[in-house]
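In our numbering, the protein residues as written are 1 to 265.
In this text, a Cβ means the ideal position worked out from N, Cα and C, and glycines have one as well.
Here the structure is a predicted model, which is why all the values come from computation and not from measurement.
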Amino acid sequence: MAEHHRAPGGKEETTTRTPSRLIYGFHAVLGRLRRDPESMFELYLSGLRNDMRVRDVHRLAEAAGVKMTQVEGERLDSMVGTRRHQGVIARVDARQRMVGLDDVLESLAGPALLLVLDGVQDPHNLGACLRVADAAGAHAVIAPKDRAASLNGAAIKVASGAADAVPYITVTNLARTLEQMKKAGVWVVGTASEAEKSLFDIEQKGAIAWVLGAEGDGLRRLTRATCDELARIPMAGSVESLNVSVASGICLFETVRQRGGLSRS
């Protein structure tokens, strides 16, 4: 089955039997346009917005020859089953594409916010971490290829759309990847219950990567040694550790708070 689309320049293009899916929100759509515009087939935009991010979408889409269609808000709601689309939805190639850390770092307009998972093997926890990362505006979730959950159906379901918005990058050598982040100017902070500093005592306005281990096990020795510093989450109760997705949310949103919070859109 072939689908025909006419690009803004008037040239008719044909997409044959290519599986597609919808992504939505400025973070997901702008990120895809910057990293991999060839994988985007069509954009659906609300006519009620004309702010800077909408203009950025227009500029990048026009440069890539992506078809843009103005759609009423109610139809956008029905397309993705939520009102959280921010007035922008894209139909993209559903085939998984490799995205590396360099791709993410090179596409950023501001300081990086990264979540690194060391030893998280439960796909439900991975999905919850992706969901938290998306809510906080994190740019990627990174994990080792071994001892890590795969982005399977269970993880995608729990992520509730975040798997399409936040790149999940698996790496062969996590310690080497952390060193790569540090060379790129990212401050790498690991979480450990015995750390002297509280996460609230760490300045987080610059580029930062939060590194969390599995509940109970914590960070591996080499991962811990590679971090720039360690921080603990202050806890007043009797439990010794938090679920990794809960801990991720606390850390990421403390960074968001220190940076002035998230803008409503």
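Extent of the continuous alpha helix (DSSP H) run through residue i
| i | result |
| --- | --- |
| Ile250 | Val244 to Gln258 |
| Val239 | Where Val239 is concerned, there is no enclosing alpha helix (DSSP H), given that its DSSP letter is neither H nor E. |
| Asp103 | Leu101 to Glu106 |
| Met163 | According to the sequence as given, residue 163 is Ala; it is not Met. Residues Ala162 to Ala165. |
Bridge-paired residues (DSSP) for residue i
| i | result |
| --- | --- |
| Pro144 | Val171 |
| Leu117 | Leu212 |
| Asp196 | Here residue 196 turns out to be Glu, not Asp, going by the sequence shown. DSSP lists no partner for Glu196. |
| Val189 | Trp210 and Glu229 |
| Gly110 | Partner(s): none; Gly110 has no beta bridge. |
| Gly137 | Bridge partners of Gly137: none, in fact. |
Backbone secondary structure at residue i - three-state DSSP
| i | result |
| --- | --- |
| Ser78 | helix |
| Thr177 | helix |
| Arg21 | strand |
| Gly127 | helix |
| Arg224 | helix |
| Leu262 | coil |
Endpoints, beta strand (DSSP E) assigned at residue i
| i | result |
| --- | --- |
| Val88 | Val88 to Asp93 |
Whole-angstrom C-beta distance between residue j and residue i, which should lie under 8 Å
| i | j | result |
| --- | --- | --- |
| Val120 | Val244 | 6 Å |
| Leu174 | His139 | Leu174 to His139, Cβ: 17 Å. No contact. |
| Val189 | Glu215 | In fact, because the Cβ distance is near 18 Å, the residues do not count as touching under 8 Å. |
| Phe41 | Val80 | Contact doesn't hold; Cβ gap of about 16 Å is too wide. |
| Ser198 | Ala231 | 7 Å |
| Tyr168 | His85 | About 21 Å; that fails the 8 Å criterion. |
| Ile142 | Thr177 | 6 Å |
| Thr226 | Glu179 | 6 Å |
| Ala149 | Asp122 | 6 Å |
| Arg166 | Ala209 | The sequence as given places Val at residue 166; Arg does not occur at that position. So it is not a contact: roughly 14 Å between Cβ atoms. |
| Leu48 | Gly87 | 6 Å |
| Gln70 | Leu33 | The Cβ separation is near 17 Å, so there is no contact. |
| Ala94 | Pro37 | No, Ala94 and Pro37 are not in contact; Cβ-Cβ is about 16 Å, not under 8 Å. |
| Leu108 | Ala155 | Rounded, the Cβ-Cβ distance is 25 Å, inconsistent with contact. |
| Ala163 | Val186 | In fact, because the Cβ distance is near 23 Å, the residues do not count as touching under 8 Å. |
| Gly137 | His27 | 6 Å |
**Request:** List in chain order: all unbroken alpha helix (DSSP H) runs of 4+ residues lying wholly within the segment 32-74.
**Result:** Within the segment 32-74, the complete alpha helix (DSSP H) runs of at least 4 residues are 52-64.
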